[in-house]
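Number 84 in the numbering used here belongs to position 78 of the sequence shown; there are no gaps in the numbering.
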Amino acid sequence: MTDAHVVSSAVELTVDPVTAFTAFTDEMDLWWVRGPINFWSDGGRVVEVRCERGVGGRVMEVLDDAVAGEVFELARITVWEPGARLAWASSVDDVETEIRFDPLDGGTRLTVEHRIPAGGRDKGGTAWGRVVPTWFAAWCAKRDRVPHEQIDIARLSLGISYARPAAAARWLAQAFGFEPMSDLPVGPDPLPEGEHGHPWIELRVGNAVLNVFKLDGERTEGARTHVPWVYVDDLEAHFARAKGGGATIVEEIHPYPGSSVYVTDDPEGNRWIFSQARPTMR
């Protein structure tokens, strides 16, 4: 008989177990990151991600029909021990999930463990173990100093194709300071394709999404038709970081109508323009 398959992940938090449990459940809509592929139902209709309290409560996506009260159920809670343990049974596949909140000096060790029974299906139920260490830890680190409001992504996102997308993503994070939404991949580059094509690589610039895709075919030479324009908090510091990270500086910082900018190329020759952000920009 084949044994169940168990996968797990863990992260250390800077808040105590009771606070971590409360933030995880009551503030799920605040720490669950909005993005192009981050929902199980129709992402264009989701208005909230909610966790109901207590055994039998639902983990769900609340949809946009307030009159009908339509929701998409992700799981049913089977264990509710505030400050210690939370568990649920997935409603979308056969994955069983347990989340433990163990005290540490000055914080909490949060462990996410998924169990897939022999012959069971995983249709995304194990995604929690991949996103919680990054998304929830980031929320716990800032929740006491930011407004408790959900910030959705901007209406315009950007996709750029690279011959070596994994290396490009790591370089963009290191040299330009773009924020990865999960651990950046390592291994053969481009990465082997899976069921849904090339692995998803997503970075953030403020609340704008930058997707790094695999380049199909050869890069064409000639006039550039798309040049991203990015606003940063400290233009001079960003310039120094990019230059130190190996960016090819095309134009150093210079005045531009209404602001100052600099122009640079990344290692594969894509051109970027960086400008000083206003204090009111997200």
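Just so it is clear, CB atoms sit at the ideal spot from N, CA and C, and this is done for glycine as well.
Which same chain residues end up closer than 6 Å to residue i when comparing Cβ atoms and leaving out the 5 residues on each side of it in sequence?
i      : result
Ala93  : Thr84, Val85, Glu104
Arg284 : none
Ala175 : Leu190, Ile207, Val218
Val235 : This sequence places Trp at residue 235; Val is not what is there. The residues are Ile279.
Gly251 : Gln180, Ala181
Val53  : Val68, Asp70
Val211 : Phe184, Val236
Phe205 : Checking the sequence shown, residue 205 turns out to be Pro, not Phe. Within the same chain, Pro205 has close Cβ partners Pro191, Leu197.
Mind checking residue i: buried by the 16 CB within 10 Å criterion, or exposed?
i      : result
Met287 : exposed
Ser96  : buried
Glu102 : buried
Leu110 : exposed
Pro293 : With the chain running from 7 to 288 in the structure shown, residue 293 is simply not present.
Gly41  : buried
Pro171 : buried
Val233 : exposed
Glu48  : For the sequence presented, residue 48 should be read as Asp rather than Glu. Exposed is the call here.
Ala243 : exposed
My guess is that residue i and residue j are in contact by the Cβ rule of under 8 Å, so how many angstroms apart are they, rounded?
i      : j      : result
Leu19  : Gly113 : 5 Å
Val118 : Gly131 : Their Cβ separation, rounded to whole angstroms, is 11 Å, which puts Val118 and Gly131 out of contact at 8 Å.
Ile279 : Val215 : Not quite, the Cβ-Cβ distance comes to about 18 Å (not below 8 Å), so this is no contact.
Val39  : Trp141 : 5 Å
Thr31  : Arg59  : 7 Å
Leu209 : Ala179 : 7 Å
Val17  : Pro139 : 4 Å
Cβ of residue i within 8 Å of Cβ of residue j?
i      : j      : result
Arg82  : Gly62  : yes
Arg106 : Ala10  : no
Pro88  : Phe45  : no
Val256 : Arg225 : no
Ala253 : Ala169 : no
Arg56  : Asp71  : no
Lys129 : Val152 : no
Ile166 : Asn213 : no
Met66  : Glu76  : no
Arg247 : Gly183 : yes
Ala29  : Arg161 : no
Val137 : Ser188 : yes
Near residue i, what residues of its chain come up, given a Cβ to Cβ distance below 7 Å and the 5 sequence neighbours on each side ignored?
i      : result
Ala147 : Thr20
Lys249 : Ile255
Arg51  : Leu69, Asp70
Ala143 : Val17, Leu19
Among residues of its own chain, excluding the 5 on either side of residue i, which ones have a beta-carbon nearer than 8 Å to its beta-carbon?
i      : result
Glu258 : Phe245, Tyr268
Ala74  : none
Ser266 : Leu241, Ile259, His260, Ser281, Gln282
Pro23  : Gly89, Ala90, Phe107, Asp108, Pro109, Thr114
Ser14  : Thr117, Val118, Glu119, His120, Gly135
Gly193 : Ala172
Leu164 : Ala214, Val215, Leu216, Asn217, Pro234
Asp271 : Ala253, Thr254, Val256, Arg277, Trp278
Within 7 Å: the Cβ of residue i and any heavy atom of the ligand GTP?
i      : result
Gln156 : The ligand GTP is not among the ligands present in this structure, which contains no ligands whatsoever.
>> Which complete alpha helix (DSSP H) runs does the segment 153-212 hold, if anything under 4 residues is left out?
In response: Listed in chain order, the alpha helix (DSSP H) elements of length 4 or more contained wholly in the segment 153-212 are 171-182.
> Which whole runs of the beta strand (DSSP E) in the segment 232-287 are 3 residues long or more, in chain order?
Replying inline: Complete beta strand (DSSP E) runs here, min 3: 235-238, 254-262, 265-271, 277-282.
>> As an exercise, report each continuous beta strand (DSSP E) stretch of at least 3 residues that is fully enclosed by the segment 21-78, in chain order.
In response: Fully enclosed beta strand (DSSP E) runs of 3 or longer: 52-57, 64-69.
> Which ranges does the alpha helix (DSSP H) cover as unbroken runs of at least 4 residues, wholly within the segment 83-139, from first to last along the chain?
Replying inline: The alpha helix (DSSP H) runs lying completely inside the segment 83-139 and spanning 4 residues or more number zero.
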